[in-house]
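In UniProt numbering, the protein residues as written are 1 to 96.
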């Protein structure tokens with residue numbers, strides 16, 4: 001089971017990474033904070049201080065068009081904000 005699905009790279013989380021040493025990840029919905037902490041430490045070789053998680057629900061939408069109703073929805077996912085120890089950082093932009 002892969003815990004970390006992908007990192008979140010937005011302006012807000014990038015700014016948090018520079019100032020507060022916090023980084024965001026989309027993680028498996030069934031993963032708990034301890035599993036997320038161990039997966040991030042193993043993948044990036046850093047010390048994790050704190051993990052905060054958020055569950056996002058699927059948003060449903062209905063569009064009325066000439067050809068009729070179009071129904072759609074976005075995927076539900078779980079987001080984890082990981083705070084690393086002072087002085088350590090994760091560089092998502094280098095492929096080294």
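Heads up, the beta-carbon is just placed ideally off N, CA and C, and yes, glycines get one too.
Since we're looking at a predicted model, the values are computed, not measured.
Straight-line spacing of the CA atoms in residue 79 and residue 55 works out to 6 Å. DSSP places residue 38 within a helical segment (H, G or I) once states are collapsed to three. Under the three-state reduction of DSSP output, residue 20 falls in the helix class.
Counting every other CB atom within 10 Å of its CB across the protein chains shown gives residue 84 a total of 16 or more, marking it as buried. The DSSP-derived three-state label of residue 4 is strand. Taking all protein chains shown into account, residue 29 has fewer than 16 neighbouring C-beta atoms within 10 Å of its C-beta and is therefore exposed.
In the DSSP assignment, residue 70 falls within the unbroken beta strand (DSSP E) covering 68-73. The continuous beta strand (DSSP E) containing residue 55 extends over residues 48-56.
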